[in-house]
Amino acid sequence: AEAVLEKAQSQAKQIASYAPIAVAAIKDCCNKALDMELQQGLSYERRSYCVVSSSDDRNEGIDAFLNKRKPVYQNR
8 AEAVLEKAQS
18 QAKQIASYAP
28 IAVAAIKDCC
38 NKALDMELQQ
48 GLSYERRSYC
58 VVSSSDDRNE
68 GIDAFLNKRK
78 PVYQNR
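Pasting the structure below:
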């Protein structure tokens, strides 16, 4: 049980380091998918992707990756 808790905490820390907008969109899509047909879910996911891909945090993530530095997300 202790190993499972440690693994869960490790994964939670990793997820927390990702862009908050992207994490929120993923969580939202997963939750909404439970109440949608496949095509509705895919359409909803596509719209969410458009929002996330036009965010400043997306650009920050790409810039940080290209410059080999840790990203500083602003949640916008």
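Here my numbering is used: position 20 in the sequence shown is 27, and no number is missing along the way.
In this text, a Cβ means the ideal position worked out from N, Cα and C, and glycines have one as well.
Treat the numbers as computed from the prediction; the structure is a model and nothing was measured.
Under the three-state DSSP convention, the category residue i falls into
{"i": "S62", "result": "coil"}
{"i": "L41", "result": "coil"}
{"i": "P27", "result": "helix"}
{"i": "K20", "result": "helix"}
{"i": "V11", "result": "helix"}
Rounded distance between the beta-carbons of residue j and residue i, thought under 8 angstroms
{"i": "S67", "j": "Y80", "result": "The amino acid at residue 67 is misidentified as Ser; the sequence shows Glu. The Cβ separation is near 6 angstroms, so the contact holds."}
{"i": "K39", "j": "Y51", "result": "6 angstroms"}
Classification of residue i by the beta-carbon crowding that lies within 10 angstroms, buried from 16 upward
{"i": "I28", "result": "buried"}
{"i": "D64", "result": "buried"}
{"i": "S17", "result": "exposed"}
{"i": "S24", "result": "exposed"}
{"i": "A8", "result": "exposed"}
{"i": "A26", "result": "buried"}
Close Cβ partners of residue i (< 6 angstroms) along its chain, the five nearest in sequence each way excluded
{"i": "A32", "result": "S55, V59"}
{"i": "P78", "result": "E67, G68, A71"}
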